[in-house]
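Here the structure comes first, spelled out in structure tokens, and everything after it is commentary.
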Amino acid sequence: MLDILNLDSLEPLARERLDPMLFDYIAGGAADEWTLVESRAAWSRFQILPRMLRGVADRSLDTTVLGTPVSFPVLVPPMAFHGLCHADAEIATAKATAAEGTILCASTMSNCSLEAIAEASGSAPRWFQLYVYRDREITRGLVQRAAAAGYSALCLTVDTPLAGHRERDKRNGLRMPSHLELGNFPRSHSDQNRVGSGHGSALAHYIAAQWDPSLSWKDVEWLQSISPMPIIVKGILAPQDAVLAMEHGAAGVIVSNHGGRQLDGVPAGATMLAAVVDAVAGRGEVLIDGGIRRGTDVLKALALGARAVLVGRPILWGLTLDGADGVRAVLAHLRSELDLAMALAGCATISDITRELIL
Ligand SMILES: Cc1cc2nc3c(=O)[nH]c(=O)nc-3n(C[C@H](O)[C@H](O)[C@H](O)COP(=O)(O)O)c2cc1C
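Start counting the sequence shown at 24; every next residue gets the next number (our numbering).
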């Protein structure tokens, strides 16, 4: 079992194992990477005001997200290409996430098919993350397949009309390795990610060619009309957009800047969270990701009104270092940090975590 002191310690270990081009793709952000760094730093600006003598001997981290029970309020966000990290790819992540009692949101850009990921999840709940393709029949096909494979929510990522300006990937000429496929698509899609159209990142070229930058709120209504699954909108920062998501029928939003990989210079999710929670005003659930590396970060997010959080890159570092067991170790570590943080802050249950905990 991977022996984890803290989640930050995993990145340098994974770096030793990975091809530098692939490490950079995972670790990197857009442009100057200001938002990438800020997303981690912003959590440290909130202080926790703990309460004492509240009887914390019996603690429970159980909660629900969109009505689905989870063993603790940490989910695995959609991330492309788990096959870069380990031969078992998303199958390993799905098994590990299920074993830890929480939810994997499988990316459109997975190396394994969404059906294979569903099978690996067994009876555990799973979500499917959707990128909307210019070819709406491709989009419709993905939605129908996800519903048929038992996914219980559709996570619509809205911050990626085009790929962010990821300089590491441009410099490295990012290409998907020849042994990996895009599991949800015909082979021609994988080939586009290997060859690209000349310079720079093949992934950026693929996104420009395939994804629909004309996407607008009315398309969210179209998706509702073809999806039996509730929709959660991922990539919201402005409270006004959270309100629009509610008005267009979303069940929730994920406050996110895509791990600092899209528009550099945008605020950390942590900075916007409380305002988004206030704007949503209980009409849906608010989740958050970006730079969450500590149990205390999870505690702060919940105190600011998030229903749950998602933790990204550390999952991929765990996968790189020890496959499914590594992913389990990352989730188990974060669970134990959250459990301790709750005890020390005077919270025996998730519902004890309220905004008064934040100074
Ligand atoms: C390697 C990598 C691939 C990603 N791929 C996707 C994706 O396919 N779809 C998506 O909505 N977000 C994607 N994201 C963004 C994550 O879902 C998430 O918002 C972000 O990683 C959270 O920040 P953190 O890594 O600091 O925890 C990706 C992030 C990384 C690091």
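No residue lacks a Cβ here, since even glycine has one placed at the ideal position from N, Cα and C.
All values derive from a computational prediction rather than experimental measurement.
- Are the beta-carbon atoms of TRP66 and ALA329 separated by less than 9 Å? Here residue 66 refers to the residue found at position 43 of the sequence shown. Here residue 329 refers to the residue found at position 306 of the sequence shown. Going by C-beta atoms, TRP66 is not nearer than 9 Å to ALA329.
- Item | Collapsed DSSP secondary structure at PRO337 in the structure displayed | As a working note, residue 337 is residue 314 in the sequence shown. Three-state DSSP puts PRO337 in a helix.
- Does any heavy atom of ligand 1 sit closer than 8 Å to the C-beta of PHE104? As a working mapping, residue 104 is identified with position 81 in the sequence shown. Correct: PHE104 has its Cβ closer than 8 Å to ligand 1.
- So ARG316 packs on ARG63, CB below 8 Å; how close in whole Å? Locating residue 316 in the sequence shown gives position 293, where the first residue counts as 1. Locating residue 63 in the sequence shown gives position 40, where the first residue counts as 1. So it is a contact: roughly 7 Å between Cβ atoms.
- Message: When you compare the segment 145-155 with the segment 115-130, are there three or more beta-carbon pairs, one atom per stretch, that lie closer than 8 Å?
- Response: Touching, yes, given that three or more Cβ pairs across the two stretches are closer than 8 Å.
- Please work out which residues of its chain come closer than 7 Å, Cβ to Cβ, to SER347, disregarding the five sequence neighbours upstream and downstream, and give them in chain order. Position 324 of the sequence shown, counted from the start, is the residue given in the question as residue 347. Residue identity differs from the one stated: residue 347 is Ala in this sequence, not Ser. Annotation for ALA347: ASP111, ALA115, LYS118 and ALA119 place their beta carbon closer than 7 Å to its own, counting only its chain and skipping 5 residues before and after.
- Query: Alpha carbon to alpha carbon, how far is ALA169 from LEU59?
  - Reply: On the sequence shown, position 146 is the one that residue 169 refers to. On the sequence shown, position 36 is the one that residue 59 refers to. Roughly 31 Å separates the two Cα atoms.
- Query: For the putative contact between ILE277 and ILE311, defined by C-beta atoms under 8 Å, what is the C-beta separation to the nearest angstrom?
  - Reply: Here residue 277 corresponds to residue number 254 of the sequence shown, with the count starting at 1. Here residue 311 corresponds to residue number 288 of the sequence shown, with the count starting at 1. Going by Cβ atoms, the distance from ILE277 to ILE311 rounds to 7 Å, so yes, they are a contact pair.
- Query: Using DSSP with H/G/I as helix, E/B as strand and the rest coil, what is VAL332?
  - Reply: Residue mapping note: residue 332 aligns to position 309 of the sequence shown, counting from 1. Three-state DSSP puts VAL332 in a strand.
- Message: Does the beta-carbon of GLY313, which I'm using as the reference point, lie nearer than 8 Å to any heavy atom of ligand 1?
- Response: As a first step, residue 313 is located in the sequence shown; it is residue number 290 there, counting from the start. Answer for GLY313: yes, Cβ within range of ligand 1.
- Cutoff 6 Å; reference PHE95; Cβ partners in own chain excluding five residues on either side: On the sequence shown, position 72 is the one that residue 95 refers to. These residues qualify, in order along the chain: LEU84 and ARG358.
- Task: Out of PRO184, LEU45, TYR156 and GLY106, point me to the one whose CA is closest to GLN285's CA.
- Result: On the sequence shown, position 262 is the one that residue 285 refers to. Nearest C-alpha to GLN285: PRO184.
- Query: Which residues share a DSSP beta bridge with ILE259?
  - Reply: Mapped onto the sequence shown, residue 259 falls at position 236. Beta-bridge pairing links ILE259 to VAL278.
- Query: When the Cα atoms are used, what is the spatial distance from LEU205 to GLU113?
  - Reply: The residue given as residue 205 occupies position 182 in the sequence shown. The residue given as residue 113 occupies position 90 in the sequence shown. In a straight line, the C-alpha of LEU205 is about 12 Å away from that of GLU113.
- Boundaries of the alpha helix (DSSP H) in which ILE376 is found, first to last residue: As a working mapping, residue 376 is identified with position 353 in the sequence shown. Unbroken run through ILE376: none, as it is neither H nor E.
- Inter-residue spacing [alpha-carbon to alpha-carbon] between GLY51 and GLY283: Counted from its first residue, the sequence shown places residue 51 at position 28. Counted from its first residue, the sequence shown places residue 283 at position 260. GLY51 and GLY283: Cα-Cα distance of roughly 8 Å.
- Query: Would the beta-carbon of ASP140 be found less than 8 Å away from any heavy atom of ligand 1?
  - Reply: Here residue 140 refers to the residue found at position 117 of the sequence shown. According to the sequence as given, residue 140 is Ile; it is not Asp. Every heavy atom of ligand 1 is 8 Å or more from the Cβ of ILE140, so no.
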